[in-house]
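Chemist: So that we are looking at the same thing, I have put the structure below in structure tokens.
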Amino acid sequence: MAMTALAAHKLRSALTLVGVTVGVFSIILVMTVMRGLQQNIETELSGLGANTFTIEKWPAINFEGPSGWERFRRRKNLSFQHWHA
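Rendered as structure tokens:
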């Protein structure tokens, strides 16, 4: 019965097969790219070392809205004299 339905609707069966194939390969591609990005990030972070930290003028995330950015914008720029202090 199923084979009869497939044989009767060849175009629909072929398009369904193509759709499923494209979907599976798309998921595999996205997962591969994500794994590659994760490995790249881990490699870059491990290159910093265990005794490393960064100081930045701007925060990565601002929860205070536009007024918070103004406060960060007014901060003094860091120099090597600050580093030696």
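My numbering puts the first residue of the sequence shown at 481, with every later residue one more than the last. Quick reminder that beta carbons are idealized off the backbone N, C-alpha and C, glycines included.
Can you tell me which of the three DSSP states Leu525 falls into?
Modeler: The sequence position of residue 525 within the sequence shown is 45, counting from 1. Here Leu525 sits in helix by DSSP.
Chemist: Taking Arg553 as the reference, which of Gln518, Met481, Pro539 and Glu522 has the closest Cα?
Modeler: For the purposes of this step, residue 553 is identified with residue 73 of the sequence shown, where counting begins at 1. Checked all of Gln518, Met481, Pro539 and Glu522; the closest Cα to Arg553 is Pro539.
Chemist: For the alpha helix (DSSP H) containing His550, list its first residue and its last residue.
Modeler: Sequence index remark: in the sequence shown, residue 550 carries index 70 (1-based). Looking at the sequence itself, residue 550 is Glu, so the reference to His does not match. Residues Pro546 to Arg553.
Chemist: Three-state secondary structure (DSSP) at Lys490?
Modeler: By 1-based counting over the sequence shown, the position of residue 490 is 10. Looking at Lys490 - three-state DSSP - the assignment turns out to be helix.
Chemist: How about Ile521 and Leu558: do their beta carbons lie closer than 8 Å?
Modeler: Taking the sequence shown and counting its residues from 1, the one referred to as residue 521 is at position 41. Taking the sequence shown and counting its residues from 1, the one referred to as residue 558 is at position 78. Contact flag unset, no.
Chemist: Under three-state DSSP, which class holds Met483?
Modeler: Counting from one through the sequence shown, the residue named residue 483 turns up at place 3. Met483: helix per DSSP, three-state reduction.
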